[in-house]
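Each protein sequence line maps, in turn, to chains A and B.
The opening residue of the first sequence carries number 1 in this note's numbering; numbering runs sequentially from there.
The opening residue of the second sequence carries number 212 in this note's numbering; numbering runs sequentially from there.
A virtual CB, placed ideally from N, CA and C, is assigned to each residue, including glycine.
2 protein chains.
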Amino acid sequence: MSDQPNARELKKQRTRQRILDAAITVFAEAGFEAASMGSIATRAGVKKALVQYHFETKLNLWQEAVDALWLQLEVLDNRLPTLPEAPNAEQERGYIREVFRQLIRFAKDHPAWVGVMFREAATPGPRLDWLVERHLRRNFNDGIKLISMAQEHGLLPPGSPLHIIHIISGALTYPLLVAPLTQRVTGVDMTSDEELDITVDMLMGMLSPKS
Amino acid sequence: MSDQPNARELKKQRTRQRILDAAITVFAEAGFEAASMGSIATRAGVKKALVQYHFETKLNLWQEAVDALWLQLEVLDNRLPTLPEAPNAEQERGYIREVFRQLIRFAKDHPAWVGVMFREAATPGPRLDWLVERHLRRNFNDGIKLISMAQEHGLLPPGSPLHIIHIISGALTYPLLVAPLTQRVTGVDMTSDEELDITVDMLMGMLSPKS
DNA sequence: CGTTTCACTATGTGGTCGTATTGTCAAATA
DNA sequence: TATTTGACAATACGACCACATAGTGAAACG
Numbered sequence: 001m002s003d004q005p006n007a008r009e010l011k012k013q014r015t016r017q018r019i020l021d022a023a024i025t026v027f028a029e030a031g032f033e034a035a036s037m038g039s040i041a042t043r044a045g046v047k048k049a050l051v052q053y054h055f056e057t058k059l060n061l062w063q064e065a066v067d068a069l070w071l072q073l074e075v076l077d078n079r080l081p082t083l084p085e086a087p088n089a090e091q092e093r094g095y096i097r098e099v100f101r102q103l104i105r106f107a108k109d110h111p112a113w114v115g116v117m118f119r120e121a122a123t124p125g126p127r128l129d130w131l132v133e134r135h136l137r138r139n140f141n142d143g144i145k146l147i148s149m150a151q152e153h154g155l156l157p158p159g160s161p162l163h164i165i166h167i168i169s170g171a172l173t174y175p176l177l178v179a180p181l182t183q184r185v186t187g188v189d190m191t192s193d194e195e196l197d198i199t200v201d202m203l204m205g206m207l208s209p210k211s
Numbered sequence: 212m213s214d215q216p217n218a219r220e221l222k223k224q225r226t227r228q229r230i231l232d233a234a235i236t237v238f239a240e241a242g243f244e245a246a247s248m249g250s251i252a253t254r255a256g257v258k259k260a261l262v263q264y265h266f267e268t269k270l271n272l273w274q275e276a277v278d279a280l281w282l283q284l285e286v287l288d289n290r291l292p293t294l295p296e297a298p299n300a301e302q303e304r305g306y307i308r309e310v311f312r313q314l315i316r317f318a319k320d321h322p323a324w325v326g327v328m329f330r331e332a333a334t335p336g337p338r339l340d341w342l343v344e345r346h347l348r349r350n351f352n353d354g355i356k357l358i359s360m361a362q363e364h365g366l367l368p369p370g371s372p373l374h375i376i377h378i379i380s381g382a383l384t385y386p387l388l389v390a391p392l393t394q395r396v397t398g399v400d401m402t403s404d405e406e407l408d409i410t411v412d413m414l415m416g417m418l419s420p421k422s
């Protein structure tokens, strides 16, 4: 057969990946409409026609870029701690805190993920439909499951998991989203590890068992 | 002089306002780059050249649209309750709760405001610079002042007002931002008054005095 | 080593973008 | 009523867009 690592095939895959990386960045920064095949090509250091050659259409490039982006989520999954079998209260709080820390750090380390996520989530349309069926529904269900489990362990206050996940997600991602604004107004970089930890600690304090 | 309500001048101002309203909507939905003078003209029911005639450039139209949008904030200011002189604990909690409710309801009733806000806040650039100096710095300082005051009254937990305002803002606006996504995944409309109230109550519970 | 394959390039097309120029015609003015 | 004004329209321009087509040249292959 022909799956020996051809020098030709290898180079092809490398350029493909270069284009994909550039596409992820540009799509996240500019949004689908404002991003252009030309700017993606330039950022990847290739000719515009080559992007078209490898990915046919802009929509197809976007979908493949999104898939590549979501692949990185598996890295996050592997970083998330697992709750010990018979944990004490101390261990439980440490667990949920660590989950929050990993979540917000992942979001910080993958601004493209946050960018794409928010740009598409805010606008109904075929791209959101595709994204929901392809990735987001599963992500969402996983999140709900995590919240429910944490509630059963008394780690989170009771109440609708749907609303809790919105509040937590908002509290964790908002500082990253508007970081350019905050930076401009206050000079503080809310994406630094120190500020992120403060945010997590504050949220933990708010979510702490029974007032 | 000439400020009697000319029939000519009156019609002019009416078309100007029509264009401005259309611009607000389109800019909020599509973002600056993806919004086009043509689509704004079409939505306003006028010819594209007329938009150019009234507002010269796209950037200028955007700035005037943003100014018109921020004018609506004054309505919010008037709706916000004032804290009684010597309030008891009950009144104080009612006060902060009402502030949250008015904030989230304003955001719901003015999706264009939220749209513009987030699209620009997330992307550094000259438009964000302009927006900060023109409106956001003042809005931000007002917010910080409100948080600090609430803290002094024991209405909010102690800690950096900067982080608290981020958490609260995120918790309140995130559900609205990703509402199209949530709707698509769960069928629940997080922008309905009932769901908004649940969110506010839950946030109030988290922020309640001393755990 | 001659032939074929294909990653990549040069060039083109129809469309839309923001912007500029010129024309038109009814209302305001004197 | 004769003239001027100005809100609005018609048209054009160069730039850029996504996408299409016809090469080209070096690596792969028989």
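- It is roughly 24 Å from the alpha-carbon of residue 38 of chain A to the alpha-carbon of residue 118 of chain A.
- Between residue 357 of chain B and residue 132 of chain A a beta carbon distance of about 36 Å is seen, past the 8 Å cut, so the two are scored as non-contacting.
- By the Cβ rule, the region 103-111 of chain A counts as touching the region 169-180 of chain A, because three or more pairs are nearer than 8 Å.
- Excluding residues up to 5 positions away in sequence, 200 lie with their Cβ nearer than 6 Å to the Cβ of residue 100 of chain A in the same chain.
- Between residue 347 of chain B and residue 59 of chain A, the alpha-carbon positions lie close to 35 Å from each other.
- Look at residue 95 of chain A: its C-beta is not under 7 Å from any C-beta on chain B.
- Under the 8 Å Cβ criterion, the region 15-27 of chain A counts as touching the region 43-56 of chain A, having at least three qualifying pairs.
- In this structure residue 30 of chain A is not in contact with residue 112 of chain A, their Cβ atoms being roughly 11 Å apart against a cut-off of 8 Å.
- Within the same chain, 23 and 55 come within 6 Å of residue 61 of chain A by CB-CB distance, once the 5 residues on both sides are set aside.
- Along the region 22-46 of chain A, the positions whose C-beta sits under 8 Å from a C-beta of chain B are 29, 30, 31, 33 and 34, read in chain order.
- Exposed is the label assigned to residue 80 of chain A, since fewer than 16 other Cβ atoms lie within 10 Å of its Cβ.
- DSSP places residue 289 of chain B in the helix class (H, G or I) of the three-state scheme.
- At least one beta carbon of chain B lies nearer than 7 Å to the beta carbon of residue 122 of chain A.
- The three-state reading of DSSP puts residue 67 of chain A in helix, counting H, G and I together.
- Residue 319 of chain B has its alpha-carbon roughly 26 Å from the corresponding atom of residue 158 of chain A.
- Taken atom to atom, the span from the alpha-carbon of residue 36 of chain A to that of residue 68 of chain A is near 19 Å.
- Residue 312 of chain B has a beta carbon lying at 7 Å or more from every beta carbon in chain A.
- Under the 7 Å criterion on CB atoms, residue 167 of chain A is classed as interfacial with respect to chain B.
- For the C-beta of residue 106 of chain A, not a single chain B residue is nearer than 9 Å; the gap to the nearest is close to 17 Å.
- Using a Cβ distance threshold of 7 Å, residue 65 of chain A and residue 51 of chain A do not count as a contacting pair.
- As for any beta strand (DSSP E) of minimum length 3 sitting wholly inside the region 129-153 of chain A, there is none.
- In the displayed model, residue 10 of chain A falls within a helix according to three-state DSSP.
- Contact of residue 371 of chain B with chain A by beta-carbon distance below 7 Å involves 198.
- Per DSSP, residue 321 of chain B lies in no alpha helix (DSSP H) segment and is marked neither H nor E.
- Separation of residue 192 of chain A and residue 72 of chain A (C-alpha to C-alpha, rounded to the nearest whole angstrom) is 21 Å.
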